[in-house]
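Encoded as structure tokens, the structure appears first; notes follow it.
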Ligand code: NAI
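Laid out in structure tokens, this is it:
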């Protein structure tokens with residue numbers, strides 16, 4: 297489409313094979329963006345195929361430097377530029393007290409959730425500066441803002457994303473690059489075991505402890521990501537935006 301709130305923009309979205317990333321890729325494309333759909337699962341192919349010519353799928357493990365650089369290079373090669381980088385891929389990791397966490401789990405959760413954001417911003421912002429700037433969105437979590445039981449590794453990774461976002465926003469505020477974090481509350485995606493089969497949230501099942509008394513939907517997170525991606529948020533940088541049904545207020 298020629299119009300839309302992201303008309304003319306090129307986006308890389310990680311974790312685009314599922315959940316928030318897939319909903320965002322679909323919404324960004326509907327709003328006129330061309331989208332590089334990156335994921336490690338293979339499902340990015342399905343997301344990109346559903347979008348059509350405005351999308352390309354890239355296999356990328358976001359904890360691997362060469363894969364992240366390839367996703368960004370694909371945006372520049374195929375579409376000529378990078379305007380929006382949505383560092384969204386993430387994993388939950390095991391839910392246990394820290395005394396029962398394995399060192400391997402620490403490395404994996406921190407690599408996928410935080411090293412990925414470092415790599416994405418290191419190479420993605422360099423690409424944005426070549427064409428005058430852009431917008432970075434990093435998916436943190438409500439669990440990066442407040443403590444959750446048995447969640448030390450994930451919480452540390454997402455708290456790290458929040459602070460990496462804020463420092464980087466300051467470093468590039470006067471160079472045309474905005475950097476913000478999205479902090480989802482409990483959202484009905486494959487990250488939630490009961491949602492893995494694609495079932496809708498149960499009307500009478502477990503309601504998360506969010507004041508609105510319901511799960512967030514991937515489309516609701518995508519709508520917030522769209523705001524941060526586009527020019528409507530042109531004076532917004534360094535923000536960690538909770539989209540969580542009131543959980544952290
Ligand atoms: P999801 O499981 O539906 O999607 C995550 C995607 O990331 C999957 O497609 C997966 O294949 C991909 N991924 C995992 N490891 C990867 C790697 N090493 N390289 C590339 N891709 C990888 O889950 P959801 O909920 O859409 O997750 C998106 C983000 O939202 C994550 O960062 C997650 O931590 C965050 N989040 C989710 C919440 C929820 O309740 N669903 C709450 C707070 C934050």
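In this note's numbering, the protein residues as written are 297 to 545.
C-beta: ideal position from N, C-alpha, C; glycine also.
Please read these numbers as outputs of a predicted model, since none were measured by experiment.
Exercise. Mind reading off the beta-carbon distance from residue 458 to residue 436? Whole number of angstroms is fine, and I expect it under 8 Å.
Key: 5 Å
Quiz item: Alpha carbon to alpha carbon, what distance is there between residue 349 and residue 443?
Solution: If you take the alpha carbons of residue 443 and residue 349, they lie about 42 Å apart.
Quiz item: So residue 431 is in the beta strand (DSSP E); what residue range does that whole segment cover?
Solution: 430-435
Quiz item: Does the Cβ-Cβ distance between residue 341 and residue 353 come in under 8 Å?
Solution: yes
Quiz item: With C-beta atoms as the reference, is residue 524 less than 8 Å away from residue 478?
Solution: yes
Quiz item: Any chance the region 361-378 sits against the region 306-317, with 3 or more Cβ pairs inside 8 Å?
Solution: yes
Quiz item: From which residue to which residue does the alpha helix (DSSP H) around residue 310 run?
Solution: First-last for residue 310: 306-310, but that is the beta strand (DSSP E), not the alpha helix (DSSP H).
Self-check item: Endpoints, alpha helix (DSSP H) assigned at residue 425
Solution: 412-426
Quiz item: Alpha carbon to alpha carbon, what distance is there between residue 499 and residue 408?
Solution: 32 Å
Quiz item: What first and last residue would you give for the beta strand (DSSP E) that runs through residue 480?
Solution: 473-480
Quiz item: Do you know how far the Cα of residue 441 is from the Cα of residue 447?
Solution: Each residue's Cα considered, the two are about 12 Å apart.
Quiz item: Under the three-state reduction of DSSP, which class applies to residue 409: helix, strand or coil?
Solution: helix
Quiz item: Closest by CA to residue 512, which one among 521, 541 and 326?
Solution: 541
Quiz item: By how many angstroms is the C-alpha of residue 320 removed from the C-alpha of residue 473?
Solution: Here the alpha carbon of residue 473 sits roughly 20 Å from the alpha carbon of residue 320.
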